[in-house]
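For the sequence shown, the numbering used here assigns the number -16 to the initial residue and increments by one for each residue that follows.
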Amino acid sequence: MNGALSISRLETLEKRLVGEMEATEALGRVWASAPEPGPARVARYNVVICGAGMSGLAIAFGLKRRGIEGVQVIDKAETGREGPWIGCARMKTLRSPKYLAGPDFGLPSLTPRAWYEAVYGTDAYESLDKMSRQDWMAYLGWYRAVTEPDVANGTSLAGISQVKGWLRLVLEADGETQQIECRRLVLATGIDGGGAPMIPDVVRTLPKPYWTHSAEIADAGHLKDRNVAILGSATSSFDWAATALEKGAKSVVMIGRSGNFGRTEVLAWTNFPGFLGHFGDLSDLQKWRYIRLYNGFKIPPTQDQFDRAVSDPRFTMALGHKVRSVTLDAGRVVIESDSGTFSADHLLLGTGYTIDFTRRAELKSIAPHVAFWSDRFTPPDGETSAEIAAHPYLGRGFELTPKNAATHGWLSHIHLFNCSALASLGPISNGVTGMKYGLPRIVDAVAGGLFHEAADDFLRDLAAYQEHHFDPRGHGGDFEGIKEVSS
-16 MNGALSISRL
-6 ETLEKRLVGE
4 MEATEALGRV
14 WASAPEPGPA
24 RVARYNVVIC
34 GAGMSGLAIA
44 FGLKRRGIEG
54 VQVIDKAETG
64 REGPWIGCAR
74 MKTLRSPKYL
84 AGPDFGLPSL
94 TPRAWYEAVY
104 GTDAYESLDK
114 MSRQDWMAYL
124 GWYRAVTEPD
134 VANGTSLAGI
144 SQVKGWLRLV
154 LEADGETQQI
164 ECRRLVLATG
174 IDGGGAPMIP
184 DVVRTLPKPY
194 WTHSAEIADA
204 GHLKDRNVAI
214 LGSATSSFDW
224 AATALEKGAK
234 SVVMIGRSGN
244 FGRTEVLAWT
254 NFPGFLGHFG
264 DLSDLQKWRY
274 IRLYNGFKIP
284 PTQDQFDRAV
294 SDPRFTMALG
304 HKVRSVTLDA
314 GRVVIESDSG
324 TFSADHLLLG
334 TGYTIDFTRR
344 AELKSIAPHV
354 AFWSDRFTPP
364 DGETSAEIAA
374 HPYLGRGFEL
384 TPKNAATHGW
394 LSHIHLFNCS
404 ALASLGPISN
414 GVTGMKYGLP
424 RIVDAVAGGL
434 FHEAADDFLR
444 DLAAYQEHHF
454 DPRGHGGDFE
464 GIKEVSS
């Protein structure tokens, strides 16, 4: 890659982006100005977005396009490390095909493809299969630079409450606590945004130094010359396997409950405008049945993941094993299944995530007042699913719905743009595939909510509106000398 040439092409791309935005009226007239500080000079915002990864940055730009100021984005990570891409992610490339639209809102020069071609050239893009996670992170860094959101890194959301019509947020940064207020809150908090990593009960008593979940940001260097066991056989488990082998593990055994691998990527079926654009309009029963089928598809490993693992003689698989216990014996992890016993120096978990608001610092206090699917829908006999029932029951704009609207109606000012929205709105807030359908919906909802709250103010503004757009030139505004024409 020619660095100087890449810089020149990026500069050209950015100029083209400016032209596209002007030609398409991409930035609307500002109508929602940043609020003044509240009592005791408490900072106030129209919207706070928790999460400065792919979704959070895109939502911030979407609101900017709608003429909304006073948007604050926060993220617990340091700048350049938001999201999973160069943190806990271990795959070589994204799972998404390179041709999928990203957070570009239909602006060609803001697409991942345009950025990649500017950096590496068109030939490189043509030969590309899938973008590497490092390149994707670099693209998001460029996206942030050109869309210019206001981001506070190193800042966590620790609590949510309501004070006199405003959402009050407790933020933690640099060991200090701060309170701010906002009209709308968007939680763009990713794959574990509605809960936490799923730790099997059989693992909970194992001392923490002996196990690591795929959600953790951990240096895998400690796996060198170790015998490693992996629980799970889906895509994150294969990421673990390849990583452990590359770091010099002595042996790696993958222990899976299922007797086979998933072979079908369900997102490939979902990727059409009817489903992604209108799933949220279905009846509750239809949504339930779709998501039961959706959850039945086990995410398959990519061909690259699979090949990297099985081609190594140190790697073995034990499929169809239901683990009964995990214990520690003389410094070794002992895994007993219904079909055999395994011993390892370290245990890696590829066991996914669970939805549980009580395990999120920012959601724990409001969890008792939020409506979940278990509160709003009873499935037919034989169609129960504890997994779906645990999802929050969201409105059409990703907003929480309260169990009691009279006492906690303010919860509807909180929007969940993360994986926990799946049951209510489909897979449009949990990855690249559905993003172009989810982004307009969340931006519409937030902008609409802000306008509805201020509608009476705008009505008074319209009633007083007297700006002149016509002047009968040459007559000084005096119509007395103009001859009337009779019909």
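Beta carbons: idealized from backbone N, C-alpha and C, even for Gly.
Ranges of the alpha helix (DSSP H) found wholly within the segment 243 to 305, counting only runs of at least 4: 249 to 253, 256 to 261, 267 to 279, 286 to 293
Exposure of LEU325, with buried meaning 16 or more beta-carbon neighbours within 10 Å: Contrary to the premise, residue 325 reads as Phe rather than Leu in this sequence. Buried is the call here.
Close beta carbons around GLY173, own chain, < 8 Å, minus the five adjacent residues each side: GLY34, GLY36, SER38, GLY66, PRO67, ASN401, CYS402
Residue nearest to SER139 in terms of C-alpha spacing, selected from GLY323, ASP58, THR334, PHE258: ASP58
Straight-line gap, GLU248 to ALA121 (C-alpha atoms, nearest Å): 26 Å
Boundaries of the alpha helix (DSSP H) in which ASP423 is found, first to last residue: In the sequence under discussion, the amino acid at residue 423 is Pro, which differs from the Asp named in the question. Counting along the chain, the alpha helix (DSSP H) containing PRO423 begins and ends at 418 to 446.
N- and C-terminal bounds of the beta strand (DSSP E) containing TYR28: 27 to 33
Identified DSSP bridge partners for ASN210: SER234
Residue burial classification, PHE255 (beta-carbon count within 10 angstroms, cutoff 16): exposed
LEU46 burial status per 10 Å Cβ neighbour count (16 or more: buried): buried
Coil, strand or helix - ALA171 by DSSP: coil
Residues of its chain near LYS305, where Cβ-Cβ distance is below 7 Å and the 5 sequence neighbours each way are ignored: ARG240, SER320, ASP321
Beta-carbon proximity list for GLU52, same chain, < 8 Å, skipping 5 on both sides: VAL13, ALA15, SER16, ALA17, ASN29
Residue from ASP364, TYR82, GLY176, LEU228 whose Cα sits closest to the Cα of LYS419: TYR82
THR367 versus MET4 - alpha carbon distance: 48 Å
Buried or exposed by the 16-neighbour rule on C-beta atoms within 10 Å, applied to LYS252: Lys is not the amino acid found at residue 252; the sequence shown has Trp there. TRP252 comes out exposed.
Cut-off 6 Å between Cβ atoms - residues of its own chain near PHE360, not counting five sequence neighbours on either side: ASP267
C-alpha gap between LEU154 and GLY70, whole angstroms: 22 Å
Same chain, Cβ closer than 6 Å to TYR99, five either side skipped, listed in chain order: TYR108
Short Cβ contact (8 Å threshold) for ALA483 with SER(-11): No information on residue 483 is available, as it lies outside the stretch -16 to 470 that the chain covers here.
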